[in-house]
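The next block holds one structure in the form of structure tokens; read it before the comments.
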Amino acid sequence: MITVYIVLIGVLFLLAISDLIVGVSNDAVNFLNSAIGSKAAPFKIIMLVAAVGILVGATFSGGMMEVARKGIFHPQQFYFAEIIIIFLAVMITDVILLDLFNTYGLPTSTTVSIVFELLGAAVAVSIIKIYGMPEGSKDISVYINSGKALGIISGILLSVVIAFSVGAIVQYITRIIFTFNYKKRLNYFGGLWGGFAITAIIYFILIKGAKGATFMSDETQDFIHNNSNLILTVSFISWSLLLQILHWAFKFNILKLIVLVGTFALAMAFAGNDLVNFIGVPLAGFESFKAFIAQPGADADQFLMTSLQASVKTPTFYLLMAGAIMVLTLWFSKKARNVVKTTLDLSRQTEGVERFGSSGLSRSIVRASLNFGKTFSNIVPEKIKTGIEKQFEPLTSEVSHSIEDAPAFDMIRASVNLVVASILISFATSLKLPLSTTYVTFMVAMGSSLSDKAWGRESAVYRITGVLSVIGGWFFTALSAFTLAFIMALIFSYAGIFGIALMVAIAIITVYRTHRIHKNRETKKELTNQIEDIGEKNIVQRCNLTVSTMLVDVNNYYQEILDGIIAEDLKQVKKVMKDIKKLNIDTKELKNSLSATISRLNEDSIESGHYYVQVIDYLRELAHNITYISNPCHDHLNNNHKSLIDVQIEELMLLKEKVNELLMTIQAVILKKEYQNIDQIIIMQHELIEIIASKNKKQIKRIKRMEVGTKNSLLYLAILSETKNLLLNAINLLKSQRDFTKYHEKKNLK
């Protein structure tokens, strides 16, 4: 039996490594978004700073490990076999849940997931114990540390409100002091702001966090504790003077230093607070196993885990190993960048392609906020109102024409996000409260975005929908974590080793499938990334590529739809309709991003913008045309109507061939920019339209002679009509693309 438990402990550690990978992918948003969003430094420098912060912070995490051992349940009431069941249920659930959230780019809380998983699994095992021992206690509080659990949960939920409020208030005050044109005011207040920010970080990371550090001696900790006020005073004065002198003498960028130090601090606070979420449970399982084998001949079903009540000092080696895995994940995980992008999209100062749609609740919130704003505006004196509005006037002189170069927000907001989040998280760590770093950093970022007027009327409804989606995901995390861990603990209790093997296999399959889903989603995002890359230099090249690619797609879908209706292959038609739906989404995104794309063009590019709008309009029309061809074909087959007659099939086969020839000729001309033969293409189009008119007349004759039914006629005429519209729009697209390209060539010659 010992061998089985050795294997299970091995499984726990493998799950710990997996959990570290998926957990860091999710939590990377906590410490990367401010530095990346403000472009405070090159990406590799930001990652290096965060990596060092994680490694240092990992050694501060020792004191937090007790949460996994005795924070949620009373270990002395459980036998060794039951403890292992609880820990396995928790780890398998955690890997599945976090990987699922990472795949869809939603930041969730690793702290909430681990707390509710421990609670769910412990409750399941407790219920089995209560009903399995008639003479035992029927009170579940004997087994569950309900007071501590409620304290942790309420602390996590309260942190959402506090983080949002503090982030909003601090950002509002900071913006009034510095304005968006902050470079002038940094000459006077930069040193003080830098001194305050760095001192706050030093206080909460070093002084409050020192208690949990495994590498720090008791004498050092006592010295820091007894001289707190002196350290703070010296730090504030020293940093303020040093930074102000450096700024005056060498134009030193104070904000960049604050953002990088803040990134280091937040990565450190994250590792100190959240490492327990990933390795706390496996380490507790390992400690349980060591206590069990220390008693030779002990029965796993009778050996009470009183040893877990004792305080523990986690070996620094384990913490550093976990930190190293987290650092490697941070560097190589694409999912981590996916989650970071969600927060940046919701806190971006400028407009752009919105990630989330609109919802009834978000519309109601925006409407209510506008009404409240109007009422409040009537109360505030005009002078005060004008003065405050002046402080919030955005800069218009430094507009970047490349979305790649433009930061999502400035370094004033980035520094506020980092300082406020670091203070809140480190303070919670010092109290041994596993406060959710995700909730805090996300809500601080959202609060500062609101104060900074990043949620304007053009984007507010979409941003609020995004925030509500993320918050809804948090509640879903809690519910699903509790439920899944509860169910798994029941399965393991009754099915034993077979149940464990089955659930481990399911976890592996789930992670593999979500990896595939993520890969597909990344492929779909390529168009959005291309849209955001469009600028003055590459607009023609990007447009040529987009148009030629979509023409090939439209032609392929047309051929496949007609093949499907001729062969009465409903499955093929359904498959093509999915592709057409994606085409419509892509063209809609292009249309929605018109304003942002045109704003990135030079001032003298009015004609260029006009032609670009025309090209996108005709692409959108082509997508509509192919949709209006596919829908009747699908309905006809889905309702099992009669197939097309032989003569109609022959006519459609000819049409297929001619449309393919025309669209591929247009595509080649656009790709090669050989517009001298455009007249021949127009002649080809006219001939094809005459063929369609001829087929139309033949169909009318067939209707008169009662050779075809009503449904057949509706389908056939719809195909002919939309094919004609498709050809007209294709030629208009060709002409617009020609004008667009020639205008740019002339402009470049000048």
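Quick note on numbering: the sequence shown equals residues 14 to 763 in our numbering. Each residue gets a CB set at the ideal place from its N, CA and C atoms; glycine is no exception.
Endpoints, the alpha helix (DSSP H) within which Met597 is located: One point to set straight first is that residue 597 is Asn, not Met, in the sequence displayed. Here the alpha helix (DSSP H) through Asn597 covers Leu583 to Asn605.
Ile19, DSSP secondary structure in three states: helix
For Phe440, the three-state DSSP class (helix, strand or coil): helix
Buried versus exposed call for Ser371 [16 or more other C-beta atoms within 10 Å across all chains shown]: exposed
Assigned exposure category for His699 - 16 Cβ within 10 Å defines buried: exposed
Span of the alpha helix (DSSP H) around Gln234: Asp231 to Asn239
Three-state secondary structure (DSSP) of Tyr92: strand
Inter-residue spacing [alpha-carbon to alpha-carbon] between Ile143 and Phe100: 19 Å
Residue span of the alpha helix (DSSP H) that contains Asp692, given as start and end: Ile691 to Lys717
Residue burial classification, His238 (beta-carbon count within 10 angstroms, cutoff 16): exposed
Pro49 in three-state terms, based on DSSP: According to the sequence displayed, residue 49 carries Ile and not Pro. Of the three classes helix, strand and coil, the one that applies to Ile49 here is helix, per DSSP.
CB contact flag (Thr212, Val429, <9 Å): no
Residues near Asp418 in its chain [Cβ-Cβ closer than 6 Å; skip 5 each side]: Because the pLDDT at Asp418 is just 49, under 50, the model does not fix this residue reliably, and the value given afterwards should be weighed accordingly. Cβ neighbours of Asp418 beyond the five flanking positions: none.
Contact under 9 Å by Cβ, Ala63 with Tyr452: no
Buried versus exposed call for Phe422 [16 or more other C-beta atoms within 10 Å across all chains shown]: buried
Contacting residues, own chain, Cβ-Cβ under 7 Å from Lys588 (five flanking each side not counted): none
For Glu402, the first and last residue of its enclosing alpha helix (DSSP H): Glu395 to Gln404
Pair within 9 Å by beta-carbon distance, Val65 and Ile214: no
Sheet register partners of Ile157 (DSSP bridge): Phe86
Of the listed residues Met60, Phe193 and Val626, nearest to Asp277 (C-alpha basis): In the sequence as presented, Asp is not what sits at residue 277; that position holds Phe. Comparing Cα-Cα distances from Phe277 to each of Met60, Phe193 and Val626, the minimum goes to Met60.
Delimiting residues of the alpha helix (DSSP H) encompassing Ile378: Gly373 to Ile392
Selection from Lys601, Ser643 and Asp659 that minimises the alpha carbon distance to Leu2: It is not possible to answer for residue 2, since the shown part of the chain is limited to 14 through 763.
Straight-line Cα distance separating Phe389 from Ile477: 21 Å
Coil, strand or helix - Leu317 by DSSP: strand
Start and end residues, alpha helix (DSSP H) containing Lys303: Val294 to Ile306
Start and end residues, alpha helix (DSSP H) containing Asp465: That residue, Asp465, is in no alpha helix (DSSP H); it is neither H nor E in DSSP.
9 Å Cβ cutoff, Val136 in contact with chain D: In the structure shown, chain D cannot be found, because there is only a single protein chain.
Short Cβ contact (9 Å threshold) for Ile662 with Glu720: no
Other residues of its chain near Val274: CB distance less than 7 Å, five sequence neighbours each side excluded: Ile211 and Ile214
Pairwise C-alpha distance: Lys57 and Ile500: 43 Å
Coarse secondary structure for Met424, derived from DSSP in three states: helix
Status (buried if at least 16 other CB within 10 Å, exposed otherwise) for Gln680: buried
Within 9 Å, strictly: CB atoms of Asn742 and Asn605: no
Straight-line gap, Val247 to Gln257 (C-alpha atoms, nearest Å): 15 Å
Closest residue to Gln184 among Ser461, Phe316 and Ser707 (Cα-Cα distance): Ser461
Ala743 - DSSP class collapsed to helix/strand/coil: helix
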